[in-house]
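To keep things clear, I will list the structure first and then write my remarks on it.
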Amino acid sequence: MKKRSIVPYGPQHPVLPEPVHLDLVIEDEKIIEAVPSIGFVHRGLESLTAKRDFNQMVYVTERVCGICSFGHGFGYCEAVEDIMDIEVPERAKYLRTIWFELSRMHSHFLWLGLLADGFGFENLFYQCWRIREKILDVLSLTTGGRVIFSVNKIGGVMRDITPEMAVAISEMLTSVRKELKDIVPIFMEDASVKRRLVGVGVLSKEQAHELGCAGPFARASGIEIDMRKLGYAAYKDLDFDIITSNTGDSYGRCYVRINEIFQSIDIIRQALGKLPDTELAAVVKGNPKGESFIRIEQPRGEAIYYVRANGSPHLDRMRVRTPTFANLAGLCETLKGADYADVGLLILTIDPCISCTER
Amino acid sequence: MSEEKNISENTGIDDNKAAKNKCVIEEIDHRDLLKKAIEMKRQGYRLSQACAAYAEGKLELSYSFADDNNYGYTTLRLVIDKETEIISLTEIIPYAAFYENEMKELFGVNIHMIEPDYKNKLYRITKETPFIPKEAE
Amino acid sequence: MAIMNFVPTALKNLFLKPVTTSYPLEPAEYPERSRGHIRISIDDCIGCGMCTRACPSGALSVNKNAGTWEINRFDCVVCGYCVEKCPKKCLFMEKGYRTPDTQKATETFTKSPEVLAAEEAKRKEAAEKAAAAKAAMAAKKAAEETKK
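Protein chains in written order, with my numbering: chain D, 3 to 361; chain R, 1266 to 1402; chain G, -13 to 134.
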């Protein structure tokens, strides 16, 4: 006789990095259904457009989230620049790309650490975060902040990467690459790790498309989609492939993210080699009028920035659609049929960022 | 607005890649929403976001569909009054529920038959329709 | 499938120096660009109020007549927008983070007495000039009227 019960999971749970709540309908140890609810950290940042002008909103959007901070500021600036028809100087585009990829790297290292923590490999978690610290050091050297850089402004960037800093970045990349190579076999080949990842939370390609998944979560299911291929900022001049996996399970998601770190290292190297010598920012005059949708690839997936401006300093609407919002439906699907013990791990595999999601 | 966007989409051949990050906005009647959405879905498009905006006393709903094979992006735009009834898309696109609940809660958009309906408790806020400015009520 | 392939890494870690610094005993080092806190060189401030209007979190206030500049360090998000906006470039981003405190308080900077006195003198001079100009205008007008 199977027994059905409902287990509330979160928002405070040792394995959850962020406040998401799930009502799990379980039958013995198997999940039958998961009903997510969010809303614990809604701060109404989007409605701040009524009180802050469009220049100040850059700083507000950067503070939507602590990890994808740079991407938010960047996406918002792109949207306003699109409305105002500002041609961003080439150097600024390249600098943005470099910082964006650095933030992708540190976000993926953070995720790898959390994943290791999620499947109970505490020591591996320390390894990942130790490597991540090197990236944060370089970020703080070049921008002044460890995770919130505040280097974006409408029309360009505020700070430059000097030749000495470029050397520091490239040295960091070399050592990070070496250290990452040391821990990759542990994630990809270790028997105990594989037992927690392989075949857990499988999402087929059709399901992933049907549920509108985004980012590494969708790529792990074989969907070849990467917003960087849209060619914003300097990505149009850089050479990179979309990394996908066909397994669709947690192992595939881990594979995609690890390889994206290597890819980011490569992209930064290319960008540093091509860094053009121009101004840092274009002159911005007047107020925006019009509307724009901008899609960018955040570390967690496709993020959408919608700005609607009416010609006054205060925007009508600023909206951020974060990748986690799109991946919630996919998460619930992967949870169906999973073991109760895997729930924490599966929530981690979408790399949830609930603070972004609720804004 | 949609004409403007179409023009900017065709700026030169070299610029083709940069122009990819452009959105085509198609204004439709709110009664056609379901029909259009089914059409989009049949073409293999993915609902990538839906959001509302409030301007000049009207609600503007944007349902954006992404064509992942060609990186195309189309937005269905509905301009409606606050009272106008909208049929939910959750019947054909289940995960639209999050977006629709959000629109309903923050803007008070009159959306019917959302499944599941969070009954204005998606975000745990006490204020009703916080994104509609006070003077409009 | 490999078993126990973390062992080499773990063994290596045993013989490596710690990667962390023993912070209170050793000082923390910040890079030159680090956004720690805002400093003002108050005597150069002209009290225009650009920084208060720019501040996204409303942490700043300026009193032109009293020659003071106030910052609520707990509201400040250290974004650096005021530093960029300041027309006299008298605001600086310094390294070193704010220390914790038990209660919220604003920090007030007042201009030095000499600068205040000099400004006061300037203002008086300007006021006198204006008064003189006004008197001259009035006299001119009166003269024109008498001509008529």
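For every residue, glycine included, the Cβ atom is placed at its ideal position computed from N, Cα and C.
Only a predicted model underlies this, so the values are computations on that prediction, with no experimental measurement involved.
Look up residue i in the DSSP assignment and say whether it is helix, strand or coil.
i: E124 of chain D; result: helix
i: V140 of chain D; result: helix
i: D1332 of chain R; result: strand
i: S43 of chain G; result: coil
i: D1382 of chain R; result: coil
i: F118 of chain G; result: Checking the sequence, you will find Ala at residue 118 of chain G rather than Phe. Correct three-state label for A118 of chain G: helix.
i: G292 of chain D; result: strand
i: T92 of chain G; result: strand
i: N(-1) of chain G; result: helix
i: E1370 of chain R; result: helix
i: Q2 of chain D; result: This structure cannot speak to residue 2 of chain D, because chain D is shown only from 3 to 361.
i: S1267 of chain R; result: Residue confidence for S1267 of chain R is low, a pLDDT of 40 falling below 50, so the modelled location carries little weight; the figure read from the coordinates is stated next. In the structure shown, S1267 of chain R sits in a helix (DSSP, three-state: H, G or I).
i: E20 of chain D; result: coil
i: D1279 of chain R; result: Confidence is the limiting factor: at D1279 of chain R the pLDDT is only 39, short of 50, which leaves the residue's position unreliable, though a coordinate-based value still follows. Note: D1279 of chain R maps to helix in three-state DSSP.
i: A1302 of chain R; result: helix
i: E1274 of chain R; result: Its pLDDT being 42, under 50, E1274 of chain R is placed unreliably in this model, and the value from its coordinates should be taken loosely. DSSP places E1274 of chain R in helix when its eight states are reduced to three.
i: H316 of chain D; result: coil
i: P(-6) of chain G; result: helix
i: L1324 of chain R; result: strand
i: N1375 of chain R; result: strand
i: D268 of chain D; result: helix
i: V169 of chain D; result: helix
i: Y1364 of chain R; result: helix
i: V64 of chain G; result: coil
Could you tell me which residues DSSP puts in a beta bridge with residue i?
i: V159 of chain D; result: D:N154
i: T359 of chain D; result: Bridge partners of T359 of chain D: none, in fact.
i: S7 of chain D; result: D:I28
i: L1312 of chain R; result: R:F1330
i: A112 of chain G; result: Beta-bridge pairing links A112 of chain G to no other residue.
i: V322 of chain D; result: D:Y307
i: V1289 of chain R; result: R:T1339
i: T54 of chain G; result: G:N49 and G:T96
i: M79 of chain G; result: G:I24
i: R39 of chain D; result: One detail in the question is off: residue 39 of chain D reads as Ser in this sequence, not Arg. According to DSSP, S39 of chain D bridges with D:H23.
i: A(-12) of chain G; result: D:D192
i: V1344 of chain R; result: R:E1325
What is the C-beta distance between residue i and residue j, in whole angstroms, given that I count them as a contact (C-beta under 8 Å)?
i: I137 of chain D; j: M167 of chain D; result: Not confirmed; about 14 Å, so no contact.
i: D1333 of chain R; j: R1311 of chain R; result: 6 Å
i: R259 of chain D; j: L114 of chain D; result: 7 Å
i: Y342 of chain D; j: I28 of chain D; result: 6 Å
i: S266 of chain D; j: E103 of chain D; result: 4 Å
i: A284 of chain D; j: V90 of chain D; result: 6 Å
i: E31 of chain D; j: V322 of chain D; result: So it is not a contact: roughly 38 Å between Cβ atoms.
i: C65 of chain G; j: C37 of chain G; result: Not a contact, Cβ separation roughly 12 Å.
i: I40 of chain D; j: E360 of chain D; result: 6 Å
Can you determine whether any heavy atom of the ligand SAM sits closer than 7 Å to the C-beta of residue i, and answer yes or no?
i: L1324 of chain R; result: Ligands in the displayed structure: none, and consequently the ligand SAM is not present.
Practice task
Give the residues from the stretch 36 to 57 of chain D that approach chain R closer than 8 Å (Cβ to any Cβ), ordered along the chain.
Solution key: V37, S39, I40, G41, F42, H44, G46, E48, S49 and A52
Problem - Segment contact flag, the stretch 1301 to 1317 of chain R with the stretch 1353 to 1369 of chain R, C-beta cutoff 8 Å, min 3 pairs - result: yes
Exercise for the section: Taking only beta carbons into account, state which residues of the stretch 1335 to 1346 of chain R come closer than 7 Å to chain D, listed in chain order. Expected result: Y1336, Y1338 and T1340
Handout entry: the stretch 74 to 81 of chain G contacting the stretch 104 to 116 of chain G, beta-carbon criterion three pairs below 8 Å
Key = no
Exercise for the section: Return the residues of the stretch 305 to 325 of chain D that lie within a Cβ-Cβ distance of less than 8 Å from chain R, sorted by chain order. Expected result: I306, Y308, R310, N312, D318, R319, R321 and R323
Problem - Contact between the stretch 295 to 308 of chain D and the stretch 223 to 240 of chain D (3+ Cβ pairs under 8 Å) - result: yes
Problem - Stretch pair the stretch 302 to 321 of chain D + the stretch 40 to 54 of chain D: three plus CB contacts closer than 8 Å - result: yes
Problem - Cβ contact check for the stretch -11 to 1 of chain G and the stretch 1384 to 1401 of chain R: 3 or more pairs under 8 Å - result: no
Exercise for the section: Using a Cβ-Cβ cut-off of less than 8 Å, list which residues of the stretch 232 to 266 of chain D approach chain C; keep chain order. Expected result: Among the protein chains in the structure shown, which are D, R and G, there is no chain C.
Exercise for the section: Could you tell me whether the stretch 153 to 165 of chain D touches the stretch 94 to 112 of chain D, using the rule of 3 or more Cβ pairs below 8 Å? Expected result: yes
Practice task
Could you name the residues of the stretch -7 to 4 of chain G whose beta carbon sits closer than 9 Å to any beta carbon of chain D, in the order they occur along the chain?
Solution key: P(-6), T(-5), A(-4), K(-2) and N(-1)
Handout entry: Within 8 Å of chain D by C-beta, residues of the stretch 67 to 89 of chain G in sequence order
Key = Y67, E70 and M79
Exercise for the section: Scan the stretch 1321 to 1334 of chain R for residues whose Cβ lies nearer than 8 Å to a Cβ of chain D and list them as they occur along the chain. Expected result: E1325, S1327, S1329, A1331 and D1333
Exercise for the section: Compile a chain-ordered list of the residues in the stretch 191 to 220 of chain D whose CB is closer than 7 Å to at least one CB of chain R. Expected result: H211, L213 and G214
Practice task
With 8 Å as the C-beta to C-beta threshold (strictly closer), list the residues of the stretch 164 to 190 of chain D near chain G in chain order.
Solution key: D184, I185, P187 and I188
Problem - Cβ contact check for the stretch 106 to 125 of chain D and the stretch 280 to 295 of chain D: 3 or more pairs under 8 Å - result: no
Exercise for the section: Determine, using beta-carbon pairs with one atom in the stretch 243 to 250 of chain D and one in the stretch 222 to 231 of chain D, whether at least three such pairs fall under 8 Å. Expected result: yes
Problem - the stretch 264 to 291 of chain D: positions lying closer than 7 Å to chain R by Cβ - result: none
Handout entry: Validate contact between the stretch 104 to 111 of chain D and the stretch 326 to 339 of chain D using beta carbons, cut 8 Å, 3 pairs
Key = no
Handout entry: Interface positions of the stretch 1297 to 1315 of chain R facing chain D (Cβ-Cβ less than 9 Å), listed along the chain
Key = G1309, R1311, L1312, S1313, Q1314 and A1315
Handout entry: Three or more C-beta pairs below 8 Å linking the stretch 44 to 64 of chain G and the stretch 87 to 95 of chain G
Key = yes
Exercise for the section: Residues of the stretch 1375 to 1400 of chain R with a CB closer than 8 Å to any CB of chain D: list them in chain order, please. Expected result: P1381, Y1383, K1386, L1387, Y1388, R1389, I1390, P1395, F1396 and P1398
Exercise for the section: Would you check if the stretch 344 to 352 of chain D and the stretch 12 to 19 of chain D touch, i.e. whether three or more CB-CB distances between them fall below 8 Å? Expected result: yes
Exercise for the section: Count the C-beta pairs between the stretch 1339 to 1357 of chain R and the stretch 1372 to 1381 of chain R that are closer than 8 Å, then say yes if the count reaches three, no if not. Expected result: yes
Handout entry: Interfacial residues, the stretch 45 to 63 of chain G to chain D, with Cβ spacing under 8 Å
Key = V63
Exercise for the section: Inspect the CB distances between the stretch 1 to 11 of chain G and the stretch 192 to 201 of chain D and report whether three or more fall short of 8 Å. Expected result: no
Exercise for the section: Below 9 Å between beta carbons is the criterion; list the residues of the stretch 107 to 124 of chain G that meet it against any residue of chain D, in chain order. Expected result: none
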